[in-house]
Amino acid sequence: MDEETFERVRAVVASIPPGKVLSYGDVAARAGLSSPRLVGRIMSEDTADLPWYRVLRSNGTVAEHLRHRQLELLRAEGVLARDGRINMRDHRWAD
DNA sequence: CCGCTGACTGCGG
DNA sequence: ACCGCAGCCAGCG
484 MDEETFERVR AVVASIPPGK VLSYGDVAAR AGLSSPRLVG RIMSEDTADL
534 PWYRVLRSNG TVAEHLRHRQ LELLRAEGVL ARDGRINMRD HRWAD
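Residues 484 to 578, numbered by my numbering, are exactly what the first sequence covers, in order.
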């Protein structure tokens, strides 16, 4: 995977406003990628300087190993989870 | 080349 | 609502 793709994904994530979220698929689409998995892979490499916690699964849940931290950071921005699940209809970022 | 793995997704039962 | 499954695609052994 090339450096350009990497940077495009990072740019999309960096642009998500506070209090809003995107799914991995959303990020992939906005970055011109076909696979959401690729987004997850890129995020796992380096999340420094990124609001990584604003990216979650399309069904409103988050990856198990990040769950606690991610929900806490989102809560701080007013994105509340009910039973460990975010309501995408309310918080998904649409321009 | 093959098979397995994962910060994923949508569909069908 | 809860599985399972196929499709996804780059990396690794």
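Heads up, the beta-carbon is just placed ideally off N, CA and C, and yes, glycines get one too.
C-beta atoms of residue i and residue j nearer than 8 Å
i	j	result
GLY502	GLY567	no
LEU516	ARG575	no
ARG524	VAL495	no
ALA511	PRO519	yes
Residue i: CB within 7 Å of a non-hydrogen atom of the ligand MG
i	result
HIS548	Only the bare structure without any ligand can be found here, which leaves the ligand MG out of the picture.
Rounded Cβ spacing between residue i and residue j (contact assumed at less than 8 Å)
i	j	result
LEU557	TYR536	6 Å
LEU533	VAL545	At roughly 15 Å, the Cβ-Cβ gap does not stay under 8 Å, so LEU533 and VAL545 are not in contact.
Residues bridged to residue i (per DSSP)
i	result
ILE569	ALA564
SER517	Paired residue(s): none; SER517 is not in a bridge.
VAL538	LEU505
Same chain, Cβ closer than 8 Å to residue i, five either side skipped, listed in chain order
i	result
ARG540	SER506, TYR507 and ALA546
Same chain, Cβ closer than 6 Å to residue i, neighbours up to 5 away in sequence not counted
i	result
ARG552	none
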